[in-house]
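Counting from -16, one number per residue, gives the positions in the sequence shown under my numbering.
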Amino acid sequence: MAKRGGFPGGMPGNMSNLMKQAQKMQRQMEEKTKELEEKEYEATAGGGAVKVVVSGKKEVVSVKLAEEVVDPDDIEMLEDLIVAATNEALRAMEEDSNSIMGAIAGGLGGLGGGLPF
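This is the structure:
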């Protein structure tokens, strides 16, 4: 006759350890997310003519333009440089975030240990 509740082979103890590991990982992710949100990422375009700074919250913090890039007859080039610098700064932020969060999630390998899902 099968036992009611629990899993054979001591699974409840393993589940407790899994929950502890998951809670620890969640705390680490929350801490790292807060750290990332406080960081700033800078990128330039046009040989430094345009500098954009974004936050870890994916918000543009500042845009700096060199005087020589401000040409009223070529606004389109300036717009393109701003877009390029902004996108590069956002890419740097994403790479940093993925690297840090990936390192934390790497600990998941021991959590699932052979489970079929």
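Backbone N, C-alpha and C fix where the C-beta goes; we use that ideal spot for every residue, glycine too.
Could you check whether residue 15 and residue 84 sit closer than 8 Å to each other, using their CB atoms as the reference points? yes
Closest by CA to residue 38, which one among 71, 50, 54, -2? 71
Return the chain-ordered list of same chain residues with a C-beta closer than 7 Å to the C-beta of residue 26, the five sequence neighbours on each side being excluded. 35, 68, 71, 72, 75
Sequence-distant residues of the same chain with beta carbon closer than 6 Å to residue 19, five excluded per side: 39, 80
Relative to the C-alpha of residue 29, which residue among 89, 82, 61 is closest? 61
Return the residue from the list 22, 6, 31 that minimises the CA-CA distance to residue 104. Because the chain in this structure spans residues -16 to 100, residue 104 falls outside the shown range and cannot be described.
Report buried or exposed for residue 58, applying the criterion of at least 16 other Cβ atoms within 10 angstroms of its Cβ. exposed
Determine which residues share a DSSP beta bridge with residue 27 and list them. 34
Using a Cβ-Cβ cut-off of 8 Å (strictly less than) and excluding sequence neighbours within five positions of residue 87, which residues of its own chain qualify? 8, 11, 12, 15
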